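S.K.: When the letters of the sequence shown are read in order and numbered with the numbering used here, they come out as residues 936 to 1145.
Structure below; questions to follow.
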Amino acid sequence: MKRIVILISGRGSNMQALVKSNIAQAEIVAVISNQSDAAGLAWAAEHGLATEALNHRDYEGRDAFDRALMERIDTYQPDLVVLAGFMRILTPAFCMHYAGRLINIHPSLLPAFPGLHTHQRALESGCRVAGCTIHFVTAELDCGPIIAQGVVPVLDGDTAEILAQRVLRIEHQLLPQAVADFVAGNLVIQGNRVNRLEAGITDGLVCLKN
Ligand code: GRF
């Protein structure tokens, strides 16, 4: 069994998709949020998962918060930590501590549009496709070896909200697949590239046509 800790900050729909996917040989051992009123935290508790809230405002700075967070996470002895809408920049020490076992979902086709407001920026840039990226986390924001990408069209008349909804549908497919690949031991990081030991689970690409 691989032990998974999920970090969230809000609604937690990606966390829910991951929980509902019931990945073989994986156990969600905790859901932790930096916002005690995160809707996703209530959902996780209702579904019998261990939950914790650590308010970043209770700590003196980023280092202190990340140290406390690491301490809490490590009590669960995770094989994998998933950032599923965790809206905090993490310190290099945190990223190093979980190197190779920390993954993030980002709502753009990286390396395009790291950071915030990805859908608005994709629209303003006239992109014909948008999507999401699952990647191993390194100290540089929204960088790190790419595990999988999901692609959706940008349609005439799209607003940032409409595009976000379309991208979210593919996020919910892609994250469980990427985690299943990790749990199966199928992912090998080689430099900035993630190779798969075996074809079959996913090839790291999902496309939605509409
Ligand atoms: C998702 O779009 C995720 O890619 C981004 O933040 C959003 C979180 O949504 N990092 P949810 O909390 O999983 O519903």
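For every residue, glycine included, the Cβ atom is placed at its ideal position computed from N, Cα and C.
Model, not experiment: these values are computed from the prediction.
Would you check whether the ligand GRF has a heavy atom nearer than 8 Å to the C-beta of Asn969?
M.R.: Position 34 of the sequence shown, counted from the start, is the residue given in the question as residue 969. It does not: the Cβ of Asn969 is nowhere closer than 8 Å to a heavy atom of the ligand GRF.
S.K.: Leu935: which of Gly1061, Gly1092 and His1070 sits nearest, CA to CA?
M.R.: No answer is possible for residue 935: it lies beyond the span of the chain, which begins at 936 and ends at 1145.
S.K.: Check whether the Cβ of Val1086 sits closer than 8 Å to any heavy atom of the ligand GRF, and report yes or no.
M.R.: Within the sequence shown, the letter at position 151 stands for residue 1086. Flag unset: Cβ of Val1086 not near the ligand GRF.
S.K.: What's the C-alpha gap between Ser968 and Leu942?
M.R.: One-based indexing of the sequence shown puts residue 968 at position 33. One-based indexing of the sequence shown puts residue 942 at position 7. For Ser968 and Leu942, the distance between alpha carbons rounds to 6 Å.
S.K.: For the beta strand (DSSP E) containing Glu962, list its first residue and its last residue.
M.R.: To locate residue 962, count along the sequence shown from 1; it is residue 27. Note, Glu962: beta strand (DSSP E), Ala961 to Ser968.
S.K.: Kindly indicate the opening and closing residues of the beta strand (DSSP E) around Arg938.
M.R.: If you number the sequence shown from 1, residue 938 lands on position 3. Segment Lys937 to Ile943, the beta strand (DSSP E) holding Arg938.
S.K.: My output table needs one value for Pro1027: the three-state DSSP class, helix, strand or coil.
M.R.: As a working mapping, residue 1027 is identified with position 92 in the sequence shown. If DSSP states are grouped into helix, strand and coil, Pro1027 belongs with the helices.
S.K.: Can you look up Ala1119 in the DSSP assignment and give me helix, strand or coil?
M.R.: Counting from one through the sequence shown, the residue named residue 1119 turns up at place 184. It is coil, neither helix nor strand.
S.K.: Going by other Cβ atoms of all chains shown within 10 Å of its Cβ, with 16 needed for buried, is Met936 buried or exposed?
M.R.: As a working note, residue 936 is residue 1 in the sequence shown. Exposed: under 16 other Cβ atoms inside 10 Å.
S.K.: Relative to the C-alpha of Gln960, which residue among Leu1132, Ala1115, Ser971 and Asn1130 is closest?
M.R.: By one-based count along the sequence shown, residue 960 stands at place 25. The shortest Cα separation from Gln960 among Leu1132, Ala1115, Ser971 and Asn1130 belongs to Ala1115.
S.K.: With respect to 8 Å, is the separation between the Cβ of Glu1106 and the closest non-hydrogen atom of the ligand GRF below this value?
M.R.: As a first step, residue 1106 is located in the sequence shown; it is residue number 171 there, counting from the start. Yes, the Cβ of Glu1106 comes within 8 Å of a heavy atom of the ligand GRF.
S.K.: Since Arg1002 and Glu987 are thought to touch, with beta carbons under 8 Å apart, how far apart are those beta carbons, to the nearest angstrom?
M.R.: On the sequence shown, position 67 is the one that residue 1002 refers to. On the sequence shown, position 52 is the one that residue 987 refers to. Actually they do not touch by this definition, with Cβ atoms about 15 Å apart.
S.K.: Residues bridged to Pro1088 by DSSP?
M.R.: Translated into positions along the sequence shown, residue 1088 becomes position 153. Answer by DSSP bridge pairing, in chain order: Val1064.
S.K.: So if DSSP puts His1041 in a beta bridge, which residue, or which two residues, is it bridged to?
M.R.: The residue you call residue 1041 lines up with position 106 of the sequence shown. In the DSSP output, where bridge partners are listed per residue, His1041 has Thr1068.
S.K.: Applying the 10 Å Cβ sphere with the 16-neighbour rule, what's the burial state of Val1123?
M.R.: Mapped onto the sequence shown, residue 1123 falls at position 188. Exposed: under 16 other Cβ atoms inside 10 Å.
S.K.: Put Gln1055 into one of helix, strand or coil per three-state DSSP.
M.R.: By 1-based counting over the sequence shown, the position of residue 1055 is 120. Three-state DSSP puts Gln1055 in a helix.
S.K.: Would you say Pro1042 touches the ligand NAD, meaning its beta carbon is less than 8 Å from a heavy atom?
M.R.: Only the ligand GRF can be found as ligands here, which leaves the ligand NAD out of the picture.
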